[in-house]
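To start, the structure itself, in C-alpha cells.
In this note's numbering, the protein residues as written are 971 to 1376.
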C-alpha cells in the first residue's frame, strides 16, 4: 500500500455532563461515545499505518539512465483520471468520464532488494530510484490500439498476452505505475503491459472517495477490456489489487450482464490480490458472471493490516475477502487461494505481500508456483527448489473441482 504520509490529530475526549441521565439515555450516550472513540482509534490506526508504509512524493521525473544498471519497461496506460494540475504528474485524482491513453517507459534500477520501490523526488537517481525514461500521450484510442498491436505482433506467439493491472485504494498515479513496473520486473514477466489507472485520491482519509471512485471506474475498465479483447493478444491476464478487485469484479459482472461473452472468454487468469470486498458482495458478483474465468486466483493474508482496519470500520461482522477467513468457501466457488499469512517477507502492512515477497518471487521465477497451481510437485533439482515446493504446497489451496479431478 502506498500514499502520502498523513497526520491526523484526534481531539481529547469530551468530559461527561455533571447531571445524571436516565438509564436508557445514558446507555445510548455511552454507545455513541464508544462508536466515536472506535472511529477515532481506527482513523489514528490508519494514520500510523500510513506512516509505516513507504510514502511517495508522487513524482514522475524523466531521466537518462546512462550507464546505470536497470531495466526500462514499456507500460501502456488507460486511465479514468483527469489530467493532473502539474503536467509533470500526468494524471491527477479527479474523475474523467472519458478514458485517456498514454504510454510510459518506467525505469527499474537493479540496485535494490526484490520487491522494493524507491520513489524519486523531482530528480531521480538512476542507480537506486524508479523514474520514467519516456512518456507519450495518445490523441485517440485508435493511436493507442495501433501501437499496442504493434507491440503484441513483435512478441513470440506464446508471449502474445496482455497483462492488465488494476491498482488499489490510496494510490497516487505514480505509485500505481511504479508498482506495476516492479511486479513486471521482479516476477520476470514477458508480455505486453497495460495499466488501468482509476481515480484514487491517494490519501488514507479519502477511503470513501476511493470507494465511490471504484464504482465510477467500472465503466472505464469495461471499455478497456473491450478494447483489449479486440487487439492481437491471445489472452488478457487480469490482476487487481485491494479495492481494484471491486472495480474488476464489477466490470466482469457488467460484461456478463450486457452479453459480452466474447470479451469474457479472452480473460484468463483473473487474479485478486488482497481483495477489499465483502464476501456476500463477491458471491453475488461471481454468480452473475458467465462465463467465469477458467483460473480465478485469490491472494489472502490474515496479517493484512489494511484489511483488518477495513474490517473494523464495518463492525467486524463481515470479513473482507482478502483476510482469508472464507478460504474454504472460495475453493468451493472454484477459486484457487494462495494464503500468504506465513510469508514474513511481504512488507510492514502485509497488504502488498503478493508483489513484495521475495519468497513468492522465487516460487514464480523457478516454476514452483506454476506447478503448484496445477496440482503438480515441481522437480526438486536442488534442496532450495524442494523447500520452495513444499512451502507452495502448504500455502496454495486448489479449487474443489480440481481436487476432484486428481
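Note that the Cβ used here is the ideal one computed from N, Cα and C, for glycine as well. Note that the structure is predicted; figures quoted are calculated from it, not measured.
Check each candidate in 1212, 1073, 1202, 1195 and name the one with the smallest Cα separation from residue 1320.
Nearest C-alpha to residue 1320: 1212.
Measure how close the beta-carbons of residue 1191 and residue 1217 come, nearest whole angstrom, since I'm counting them as under 8 Å.
About 6 Å separates the two Cβ atoms, so the contact holds.
Taking the Cβ atom as the reference point for each residue, do residue 1142 and residue 1104 lie within a distance shorter than 8 Å?
Contact flag unset, no.
Under the three-state DSSP convention, the category residue 1145 falls into
Note: residue 1145 maps to helix in three-state DSSP.
Residue 1225 to residue 1238, Cα distance in whole Å?
A straight-line Cα-Cα distance of about 15 Å links residue 1225 and residue 1238.
Under 8 Å, with one C-beta from each stretch per pair, do the segment 1278–1292 and the segment 1255–1263 reach the 3-pair mark?
Segments in contact, no.
Is the beta carbon of residue 1290 closer than 8 Å to that of residue 1281?
Contact: yes.
Reducing DSSP to helix, strand and coil, say where residue 1070 ends up.
Here residue 1070 sits in strand by DSSP.
Whole-angstrom distance between residue 1219 and residue 1089, CA atom to CA atom:
Roughly 30 Å separates the two Cα atoms.
Near residue 1061, which residues of its chain fall below 7 Å by C-beta distance, leaving aside the five closest residues on each side in sequence?
Excluding residues within five positions, the ones whose Cβ falls inside 7 Å are 1049, 1051, 1053, 1054, 1143, 1167.
Could you tell me the distance, in whole angstroms, from the CA atom of residue 1360 to the CA atom of residue 1304?
Linking residue 1360 to residue 1304 through their CA atoms gives a straight-line distance of about 23 Å.
Report the partner residues of residue 1079 according to the DSSP bridge assignment.
Under DSSP, residue 1079 takes part in a beta bridge, and its partners are 1040.
Taking 8 Å as the threshold, find out whether the segment 1198–1209 comes into contact with the segment 1125–1137 through three or more Cβ pairs.
When C-beta atoms of the segment 1198–1209 are compared with those of the segment 1125–1137, three or more pairs fall below 8 Å, so the two segments count as touching.
Taking 7 Å as the limit between beta carbons, can you name the residues of its chain near residue 1067, skipping five residues before and five after?
Closer than 7 Å at Cβ, skipping near neighbours: no residue.
Where residue 1150 falls: helix, strand or coil (DSSP):
Looking at residue 1150 - three-state DSSP - the assignment turns out to be helix.
So, with DSSP's three-state summary, where would you put residue 1085?
Of the three classes helix, strand and coil, the one that applies to residue 1085 here is coil, per DSSP.
Within 10 angstroms of its Cβ, does residue 1124 collect 16 or more other Cβ (buried), or is it exposed?
It counts as exposed.
In whole angstroms, give me the CA-to-CA distance for residue 1194 and residue 1102.
Answer to the nearest angstrom: the Cα atoms are 23 Å apart.
Would you kindly work out how many angstroms separate the C-alpha atoms of residue 1315 and residue 1109, rounded to a whole number?
Distance from the CA atom of residue 1315 to the CA atom of residue 1109, rounded to whole angstroms, is 42 Å.
Would residue 1127 be called buried (16 or more neighbouring beta carbons within 10 Å of its own) or exposed?
With fewer than 16 Cβ atoms within 10 Å of its Cβ, residue 1127 is classed as exposed.
Alpha carbon to alpha carbon, how far is residue 1329 from residue 1153? Give it in angstroms, no decimals.
One Cα belongs to residue 1153, the other to residue 1329, and the distance between them is close to 14 Å.
Which residues share a DSSP beta bridge with residue 1207?
In the DSSP output, where bridge partners are listed per residue, residue 1207 has 1133.
Hey, would you say residue 1139 sits closer than 8 Å to residue 1150, going by beta carbons?
Judged by their CB atoms, residue 1139 and residue 1150 are not nearer to each other than the 8 Å cut-off.
Name the one or two DSSP bridge partners that residue 1252 has.
Residue pairing by DSSP leaves residue 1252 without any beta bridge partner.
Report all residues from its chain with a CB closer than 6 Å to the CB of residue 1243; omit the five preceding and five following residues, and keep chain order.
1211, 1269, 1324, listed in sequence order.
Heavy atom of the ligand MG within 7 Å of residue 1366 beta-carbon
Of ligands this structure carries none, so the ligand MG is not represented either.
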